[in-house]
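Working notes for the structure below.
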Amino acid sequence: MNKGAILFHRDFQFHNGQSGEKLIIVLNTPKDKEPYLCCKTTSKQKFNIDKEGCHSPKNVYVINSTIDWFKVKTWVQFHELYEFEPQKFLQAHFKGVLEIKGELKESTVNAIRNCIRRSEDVSIYHLSLLS
Numbered sequence: 001m002n003k004g005a006i007l008f009h010r011d012f013q014f015h016n017g018q019s020g021e022k023l024i025i026v027l028n029t030p031k032d033k034e035p036y037l038c039c040k041t042t043s044k045q046k047f048n049i050d051k052e053g054c055h056s057p058k059n060v061y062v063i064n065s066t067i068d069w070f071k072v073k074t075w076v077q078f079h080e081l082y083e084f085e086p087q088k089f090l091q092a093h094f095k096g097v098l099e100i101k102g103e104l105k106e107s108t109v110n111a112i113r114n115c116i117r118r119s120e121d122v123s124i125y126h127l128s129l130l131s
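Using our numbering, the letters of the sequence shown correspond one by one to residues 1 to 131.
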């Protein structure tokens with residue numbers, strides 16, 4: 001699985017302890033023992049942001065419905081990033097909990113990654129996983 005993969009997670013564990021269904025985007029292609037770095041998506045407008053593209057001060061990237069895989073306008077959220085060990089991803093896939101739905105164009109995933117790099121809220125460690 002490479003950066004740009006769009007995944008449907010049937011039992012996604014949110015940072016607040018809740019779990020539920022969620023579309024997530026893989027932001028990196030891990031090296032050696034690195035984890036996958038992922039971010040959540042939503043079809044609900046965030047922060048009154050409607051314009052397509054990077055909004056790094058708000059930790060959001062907007063993808064229009066005519067771009068890539070998404071059928072509706074989508075807000076990629078990176079105020080919270082999620083790490084997944086490769087083996088756990090594989091196990092979740094074989095259990096039917098994690099499904100690959102599509103893949104972003106290289107230009108789109110790179111634009112999201114560059115937007116994340118401009119955020120002041122992303123840790124140095126998470127930025128290192130994007131290199």
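No residue lacks a Cβ here, since even glycine has one placed at the ideal position from N, Cα and C.
Does DSSP put residue i in a helix, a strand or coil?
i	result
Cys9	What sits at residue 9 in the sequence shown is His, not Cys. Strand.
Lys88	helix
Glu99	strand
Lys120	Inspection of the sequence shows that residue 120 is occupied by Glu rather than by Lys. Reduced to three states, the DSSP call for Glu120 is coil.
Just mark residue i as buried or exposed, buried being the case when its beta carbon has 16 or more other beta carbons within 10 Å.
i	result
Lys59	Just to set this straight, residue 59 is Asn in the shown sequence, not Lys. So Asn59 ends up on the buried side.
Phe84	buried
Thr42	exposed
Pro30	buried
Just grab the DSSP bridge partners of residue i for me.
i	result
Leu37	Glu83
Ser19	Gln13
Ile25	Ile6 and Cys39
Between the region 80-87 and the region 63-71, can you find at least three pairs of beta-carbon atoms closer than 8 Å? Using a Cβ-Cβ distance cut-off of 8 Å, the region 63-71 and the region 80-87 are not in contact, since fewer than three pairs of beta carbons, one from each stretch, lie closer than that value.
Fully enclosed by the region 41-75, which alpha helix (DSSP H) runs are 4 residues long or longer? Taking only runs of at least 4 residues, no alpha helix (DSSP H) segment lies wholly in the region 41-75.
Would you call the region 118-127 and the region 3-20 touching, i.e. three or more CB-CB distances under 8 Å? Three or more Cβ pairs closer than 8 Å define a contact, and the region 118-127 falls short of that threshold against the region 3-20.
Do the region 2-10 and the region 23-32 meet, that is, are 3 or more Cβ pairs less than 8 Å apart? Yes, since at least three Cβ pairs between the region 2-10 and the region 23-32 fall closer than 8 Å, the two stretches touch.
Tell me whether the region 37-47 and the region 82-102 touch, counting them as touching only if at least three CB pairs, one residue from each stretch, are closer than 8 Å. Yes, the region 37-47 touches the region 82-102.
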